[in-house]
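S.K.: Next up is a structure, given as structure tokens.
Numbering (the UniProt record's numbering), first residue to last: 1 to 439.
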């Protein structure tokens with residue numbers, strides 16, 4: 001009685017009228033069948049599915065031997081082309097394999113079991129010799145040359161769609177499959193569908209990751225080539241630009257007594273644009289150099305580098321710069337960090353419009369990062385421009401010789417150090433640029 005409580009109602013109904021010995025035998029067999037399925041399922045779950053073909057063939061053998069079949073197999077349906085193909089096969093000793101002979105078989109040869117599978121039912125032939133003689137393309141004519149005496153096939157359903165079937169051939173003897181065995185074979189078919197689907201999902205994820213990696217490598221190469229190109233072109237442009245500036249300066253010096261202001265004005269405009277071009281080239285060189293620097297990192301005192309940057313800038317007399325004391329020491333590249341402060345401070349100077357300009361530089365220590373700021377009381381920026389100002393060559397106004405690359409350089413360096421940068425601003429009152437550097 002303990003055993004009957006462990007089995008399904010179908011079993012209990014089937015054995016209700018049997019004697020105790022027959023009941024025990026049937027119950028024992030089903031329990032062993034269930035234990036086998038649990039073992040196979042556990043293997044599937046714990047496996048990484050790197051060798052799914054081996055796992056499936058082993059399970060086909062285990063199930064095939066248990067139900068005393070001589071050949072077990074898996075077929076896939078191609079309902080578009082109306083064919084079916086053998087994808088996996090296990091054969092008992094001395095049983096001829098048929099997998100090579102059963103590729104792209106027209107399903108018109110087996111309409112009975114295709115119809116059964118479409119209805120979600122098993123197709124079972126207890127005795128092939130009892131099938132009707134229905135011609136050389138009939139079911140009997142297909143099965144007998146394979147030596148099949150009995151067979152059962154179970155549909156494989158994936159997302160309510162018929163995708164194939166598993167089958168078991170009996171060659172040496174006629175094999176009877178009761179409802180209990182059919183029920184468990186359906187469970188096995190569902191297990192196969194799940195493990196194959198899991199493998200497909202893993203392969204899809206792996207393929208996506210591979211494509212992502214290939215894309216990242218491609219973008220890295222493109223970025224490196226672009227930086228190399230920008231560096232070379234910018235470097236090559238500097239020589240003729242210097243020549244133009246020198247020649248015009250000489251001409252203006254030699255002819256200043258001859259040329260009046262009207263004649264000098266176009267030359268001054270040329271010199272202004274040469275200077276503007278020089279700033280642009282320097283910006284491109286600096287931007288392309290960020291990723292090209294050889295490793296020269298060390299612990300840097302930010303109080304020292306900020307002071308050095310301020311000393312190198314031409315700060316108008318009406319602008320006062322205040323720097324917070326006790327800025328941190330951070331491990332990194334001196335040139336990169338100087339570029340950050342140089343461009344942010346220069347930006348604050350360029351957009352100062354008050355009689356008394358103020359620039360404050362400071363830092364707040366967070367749990368995992370340092371949050372720096374450069375604050376000014378200049379013209380301010382509209383919120384609609386917050387994202388645009390960090391793009392290369394973006395300038396909110398075309399006056400002045402600024403290259404429009406400074407804030408792009410800052411963002412690229414901050415991103416290089418895996419930090420963030422943003423702006424808070426109010427028109428007419430000033431702007432504050434924030435950036436973080438992880439500890």
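Using N, Cα and C, we set each Cβ at its ideal position, and we do this for glycine too.
Under 8 Å by Cβ, that's how I've got residue 178 and residue 68 pegged, so tell me the actual separation to the nearest angstrom.
M.R.: In the chain shown, the residue the question calls residue 178 occupies position 178. In the chain shown, the residue the question calls residue 68 occupies position 68. In fact, because the Cβ distance is near 13 Å, the residues do not count as touching under 8 Å.
S.K.: For my contact list, residue 143 and residue 166 are in at a C-beta cut-off of 8 Å; report their separation, rounded to the angstrom.
M.R.: Position 143 of the chain shown holds residue 143. Position 166 of the chain shown holds residue 166. Incorrect: roughly 16 Å between the Cβ atoms, too far for contact.
S.K.: DSSP three-state label for residue 2, please.
M.R.: Counting from 1 along the chain shown, the entry for residue 2 is found at position 2. A caution first: residue 2 carries a pLDDT of 43, below 50, which makes its placement in the model unreliable, though a value can still be read off. Note: residue 2 maps to coil in three-state DSSP.
S.K.: In terms of residue numbering, what span does the beta strand (DSSP E) encompassing residue 259 cover?
M.R.: Within the chain shown, numbered from 1, the residue matching residue 259 stands at position 259. Looking at the DSSP string, residue 259 is not in any beta strand (DSSP E), and its letter there is neither H nor E.
S.K.: Less than 8 Å between C-beta atoms, sequence neighbours within five positions excluded: which residues of the same chain meet that for residue 251?
M.R.: Start at 1 with the first residue of the chain shown, and residue 251 comes out as number 251. Excluding positions up to five away in sequence, the list reads 267.
S.K.: Just curious, the beta strand (DSSP E) that residue 436 is in, first and last residue?
M.R.: For this step, residue 436 is matched to residue 436 along the chain shown. Here the beta strand (DSSP E) through residue 436 covers 430-438.
S.K.: Judging by CA-CA distance, which residue of 134, 430 and 73 is the nearest neighbour of residue 188?
M.R.: Taking the first residue of the chain shown as position 1, residue 188 is located at position 188. Answer by Cα proximity: 73.
S.K.: Tell me which same chain residues have a C-beta within less than 7 Å of the C-beta of residue 101, skipping the five on either side of it?
M.R.: Taking the chain shown and counting its residues from 1, one reaches residue 101 at position 101. Cβ within range, chain order: n/a, list empty.
S.K.: Return yes when the Cβ of residue 75 is within less than 9 Å of the Cβ of residue 135, no when it is not.
M.R.: Stepping through the chain shown from its first residue, residue 135 is reached at position 135. Stepping through the chain shown from its first residue, residue 75 is reached at position 75. In this structure, residue 75 does not lie closer than 9 Å to residue 135 by Cβ.
S.K.: Between the alpha carbons of residue 196 and residue 129, how many angstroms are there, rounded?
M.R.: Position 196 of the chain shown, counted from the start, is the residue given in the question as residue 196. Position 129 of the chain shown, counted from the start, is the residue given in the question as residue 129. Rounded to the nearest angstrom, the two C-alpha atoms are 35 Å apart.
S.K.: Extract the residue ranges of the beta strand (DSSP E) inside the region 341-425, only unbroken runs of 3 or more that lie entirely within it.
M.R.: 357-365 and 369-376
S.K.: Touch check for the region 35-45 and the region 143-155: three-plus C-beta pairs under 8 Å?
M.R.: Not touching, per the Cβ criterion.
S.K.: In whole angstroms, what separates the C-alpha of residue 248 from that of residue 349?
M.R.: Looking up residue 248 in the chain shown gives position 248. Looking up residue 349 in the chain shown gives position 349. So the two alpha carbons sit approximately 29 Å from each other.
S.K.: Per DSSP, which residues does residue 121 bridge with? Please list them.
M.R.: On the chain shown, residue 121 is found 121 positions in, with the first residue counted as 1. Under DSSP, no beta-bridge partner is assigned to residue 121.
S.K.: Can you pull the DSSP bridge partners for residue 71?
M.R.: Here the question's residue 71 lines up with position 71 in the chain shown. Residue 71 is bridged to 91 and 169.
S.K.: Once DSSP output is grouped into helix, strand and coil, what is the label at residue 60?
M.R.: What you label residue 60 is simply residue 60 of the chain shown in a count that begins at 1. In the structure shown, residue 60 sits in a helix (DSSP, three-state: H, G or I).
S.K.: Among 91, 107 and 222, whose alpha-carbon lies nearest the alpha-carbon of residue 147?
M.R.: In the chain shown, residue 147 corresponds to position 147, counting from 1. Of the listed residues, the one whose Cα sits closest to residue 147 is 91.
S.K.: Looking only at C-alpha atoms, which of 330, 208, 391 and 357 sits nearest to residue 315?
M.R.: As a first step, residue 315 must be located in the chain shown, where it is residue number 315. Of 330, 208, 391 and 357, the residue nearest in Cα terms is 357.
S.K.: For residue 185, name the three-state secondary structure that DSSP assigns.
M.R.: Start at 1 with the first residue of the chain shown, and residue 185 comes out as number 185. Helix.
S.K.: In whole angstroms, what separates the C-alpha of residue 150 from that of residue 159?
M.R.: Within the chain shown, residue 150 is the residue found at index 150, counting from 1. Within the chain shown, residue 159 is the residue found at index 159, counting from 1. The C-alpha of residue 150 lies about 30 Å from the C-alpha of residue 159.
S.K.: With residue 180 and residue 62 assumed to form a contact (beta carbons below 8 Å), what rounded beta-carbon distance in angstroms separates them?
M.R.: Within the chain shown, residue 180 is the residue found at index 180, counting from 1. Within the chain shown, residue 62 is the residue found at index 62, counting from 1. That pair is no contact at about 18 Å.
S.K.: In three-state terms, what does DSSP make of residue 318?
M.R.: For the purposes of this step, residue 318 is identified with residue 318 of the chain shown, where counting begins at 1. Here residue 318 sits in coil by DSSP.
S.K.: Measure the alpha-carbon distance for residue 437 versus residue 210 and round it to whole angstroms.
M.R.: For the purposes of this step, residue 437 is identified with residue 437 of the chain shown, where counting begins at 1. For the purposes of this step, residue 210 is identified with residue 210 of the chain shown, where counting begins at 1. Cα-Cα distance, rounded: 31 Å.
S.K.: Could you please give the first and the last residue of the uninterrupted alpha helix (DSSP H) stretch that includes residue 307?
M.R.: For this step, residue 307 is matched to residue 307 along the chain shown. Here the alpha helix (DSSP H) through residue 307 covers 302-312.
S.K.: Do you know how far the Cα of residue 264 is from the Cα of residue 270?
M.R.: Your numbering for residue 270 matches position 270 in the chain shown. Your numbering for residue 264 matches position 264 in the chain shown. Cα-Cα distance, rounded: 10 Å.
S.K.: So for residue 77, helix, strand or coil by DSSP?
M.R.: Taking the first residue of the chain shown as position 1, residue 77 is located at position 77. DSSP places residue 77 in strand when its eight states are reduced to three.
S.K.: I think residue 322 touches residue 360, with their Cβ atoms under 8 Å apart; what is that distance to the nearest whole Å?
M.R.: Here residue 322 refers to the residue found at position 322 of the chain shown. Here residue 360 refers to the residue found at position 360 of the chain shown. Indeed they touch by this definition, with Cβ atoms about 5 Å apart.
S.K.: Roughly how many angstroms separate the alpha carbons of residue 122 and residue 77, rounded to a whole number?
M.R.: As a working note, residue 122 is residue 122 in the chain shown. As a working note, residue 77 is residue 77 in the chain shown. Rounded to whole angstroms, residue 122 to residue 77 spans 15 Å at the Cα level.
S.K.: How about residue 82 and residue 107: do their beta carbons lie closer than 9 Å?
M.R.: As a first step, residue 82 must be located in the chain shown, where it is residue number 82. As a first step, residue 107 must be located in the chain shown, where it is residue number 107. Taking C-beta atoms as the reference points, residue 82 and residue 107 count as a pair closer than 9 Å.
S.K.: Between residue 426 and the rest of its own chain, which residues show a CB-CB distance below 7 Å, the 5 nearest in sequence each way excluded?
M.R.: Along the chain shown, read from residue 1 onward, the residue named residue 426 stands at position 426. Counting only Cβ-Cβ distances below 7 Å, and skipping sequence neighbours, we find 380.
S.K.: What's the call for residue 216, buried or exposed, on a 16-neighbour Cβ count within 10 Å?
M.R.: In the chain shown, the residue the question calls residue 216 occupies position 216. The residue is exposed, with fewer than 16 neighbouring Cβ atoms inside 10 Å.
S.K.: In angstroms, rounded to a whole number, what distance separates the CA positions of residue 218 and residue 415?
M.R.: As a working note, residue 218 is residue 218 in the chain shown. As a working note, residue 415 is residue 415 in the chain shown. Computed Cα separation, rounded: 19 Å.
S.K.: Which of the three DSSP states is assigned to residue 145 in this structure?
M.R.: Taking the first residue of the chain shown as 1, we reach residue 145 at position 145. It is helical.
S.K.: Is DSSP giving residue 97 helix, strand or coil here?
M.R.: For this step, residue 97 is matched to residue 97 along the chain shown. Of the three classes helix, strand and coil, the one that applies to residue 97 here is coil, per DSSP.
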